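Engineer: Numbering (this note's numbering), first residue to last: 3 to 367.
Beta carbons are placed, not taken as given, at the ideal position from N, Cα and C, and that holds for glycine.
Keep in mind the model is a prediction, meaning the values are calculated, not measured.
This is the structure we're talking about:
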C-alpha cells in the first residue's frame, strides 16, 4: 500500500475504464441493502492490504488455494461471502486468530481470469458483521457471524451536515491538487448523495494504512467515524500543500540556476569573441607564474588540477575568488627554495627582544 509521502489519495486501481470501479449508490439503494437479510453463516475470505467498506466496489486478486476454492463455490451459489482484513498483512496462511473480528458482507459482482493465470474478483461491500464463532478451516474458512444493523446517516443534523460537507470538500481539494488521481474521482465524490456511502467511499480510498481503515470500519458512532476521516483528510491536505510548496521552490531554484548558467555561457562566448574574458587572463597569469616555479611533480600535478577546476567555475561566484586565493597561495609558497640556517642564539634573542623588551619573568616561565 502506498504511504503518506505518495499522497496518492484515491487509488481506483484494477481494470481501467470500467465504470463498475466507481459505483455510486443512492440513499434509497443503501436503505434496501440495510433491509436485506444475510445468512448468519458465511465463508470467510481473508483480505490483505485493504479493508472493504459497505457499498464500495473493489477488485481483489485471489491467489491462495483456499481463497480460489471459496470464490469458485460462492460464485456458483448465492455469491455472498464475508471479507475480513488480516491483522498481519504478511501472513500467507492466516488462521481465525490472525483475522480482525469485524468484516464486511460482500457480493461477488464478477470473476475474471487474467492473462497471467491469476484470478481477479470484483466484489461489493454490503453490511458490516462480527465473527461470533469459527466453524471450519477446510477447505476454506467458515464462521457464524452477527450482521450489524446499519443506521443510515440522515440529513438534518446541522453539526453532522457541516462535518460531511467538510470531508467532501477536503477530498475534492486533494483530488484537484494531485495530478496522479484520475478526474473520474472528482466526478464520483461530487455526485454521491448518500451520507453513509460518502463516508465509506472516502474511508476505503484514502491513503491510510490497513489498521487505520480497520479502526474506521469498527467504529459504530457515526460522528466519531466522520471525525476520524476529517482528521486524516486534513493531514493529507497539509502534507500535499507542503509537498507542492517544496516542489515549486525547487522548480524556481532550478529555473533560476538554468537561467543564470545560460546567461553566463552567453557572456563567456561574447567575451571570448571580443578577446575580453577576465577568466582567460587569470588563467594565463597563473600559467605564466607556474612556469617559473621549481616544484616537484606532485605539486605541479595538484596545481594543474586546481587550475582546471577554476576554469569550470563562474567568475562572478564567490567560490571563484576562493579558488584564485588558493592558487595564489600555491604559487607564493617557496617550493624548492632553501636558506642557510643561522643558529646564533644571541642574534635570535636580539631579534625577539627588539619589539618585546623586558618581561623577563613572563618569558622565562
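1. Once the 5 residues before and after residue 38 are set aside, which same chain residues still bring their CB inside 8 Å of it?
2. Could you check the C-alpha separation between residue 99 and residue 143 for me, to the nearest Å?
3. Tell me whether residue 88 sits in a helix, a strand or coil according to DSSP, three-state version.
4. By the 10 Å Cβ neighbour count, where 16 or more other Cβ atoms means buried, how is residue 288 classified, buried or exposed?
5. Under the three-state reduction of DSSP, which class applies to residue 95: helix, strand or coil?
6. Residues bridged to residue 48 by DSSP?
7. Determine the burial state of residue 116: buried for a count of at least 16 other Cβ atoms within 10 Å of its Cβ, exposed for fewer.
8. On the criterion of 16 or more Cβ atoms from any shown chain inside 10 Å, does residue 28 qualify as buried, or is it exposed?
9. How many Å lie between residue 67 and residue 256 at the Cα?
10. According to DSSP, which residues form a beta bridge with residue 146?
11. Could you spell out where the alpha helix (DSSP H) holding residue 160 opens and where it closes?
12. If you check the beta carbons only, do residue 84 and residue 147 fall under 8 Å apart?
13. Cβ atoms of residue 49 and residue 107: under 8 Å apart, would you say?
14. Who are the near neighbours of residue 297 in its chain, counting only those whose CB is closer than 7 Å to its CB and skipping five residues on each side?
15. Can you tell me which of the three DSSP states residue 23 falls into?
16. Please tell me whether residue 227 and residue 233 are closer than 8 Å, where the distance is taken between their beta carbons.
17. Just the Cα atoms here: how many angstroms apart are residue 175 and residue 35?
18. Compute the Euclidean distance between the alpha carbons of residue 80 and residue 42, then round it to the nearest angstrom.
19. Out of curiosity, what's the CA-to-CA distance linking residue 52 and residue 161?
20. Could you pull the start and end residues of the beta strand (DSSP E) that residue 313 belongs to?
21. In the segment 186-247, which residue ranges form an unbroken alpha helix (DSSP H) of at least 4 residues, counting only runs that do not cross its ends?
22. Considering only the alpha carbon of each residue, which of 95, 90 and 55 lies closest to residue 69?
23. Do residue 235 and residue 208 come within 8 Å of each other at the CB atom, strictly closer than that value?
24. Quick check: what's the CA-CA separation for residue 291 versus residue 244?
25. Which stretch, first to last residue, makes up the beta strand (DSSP E) that contains residue 113?
26. Following the continuous beta strand (DSSP E) through residue 64, name the residue where it begins and the one where it ends.
27. Quick one: what does DSSP say residue 126 is sitting in, helix, strand or coil?
28. Do you know offhand how far residue 285's Cα is from residue 259's?
29. Buried or exposed: which applies to residue 192, given that a residue is buried once 16 or more other Cβ atoms fall within 10 Å of its Cβ?
30. Give me the Cα-Cα distance between residue 173 and residue 271, rounded to the nearest whole angstrom.
31. Around the C-beta of residue 246, are 16 or more other C-beta atoms found within 10 angstroms, so that it is buried, or is it exposed?
Structural biologist: Taking the definition as stated:
1. 128 and 129
2. 12 Å
3. strand
4. buried
5. In the structure shown, the three-state DSSP call for residue 95 is coil.
6. According to DSSP, which records beta bridges pairwise, residue 48 is partnered with 86.
7. exposed
8. exposed
9. Roughly 53 Å between the two C-alpha positions.
10. 43 and 135
11. Segment 160-179, the alpha helix (DSSP H) holding residue 160.
12. yes
13. no
14. 337 and 338
15. Note on residue 23: pLDDT 46, under 50, position unreliable in the model; the coordinate value appears next. Residue 23 falls in the helix class under three-state DSSP.
16. no
17. 31 Å
18. 14 Å
19. A straight-line Cα-Cα distance of about 30 Å links residue 52 and residue 161.
20. Note, residue 313: premise wrong, no beta strand (DSSP E); alpha helix (DSSP H) at 299-313.
21. 197-207 and 212-220
22. 95
23. yes
24. 53 Å
25. For residue 113, the enclosing beta strand (DSSP E) stretches over residues 104-115.
26. 59-64
27. strand
28. 25 Å
29. Under this definition residue 192 is an exposed residue.
30. Between residue 173 and residue 271, the C-alpha separation is close to 53 Å.
31. exposed
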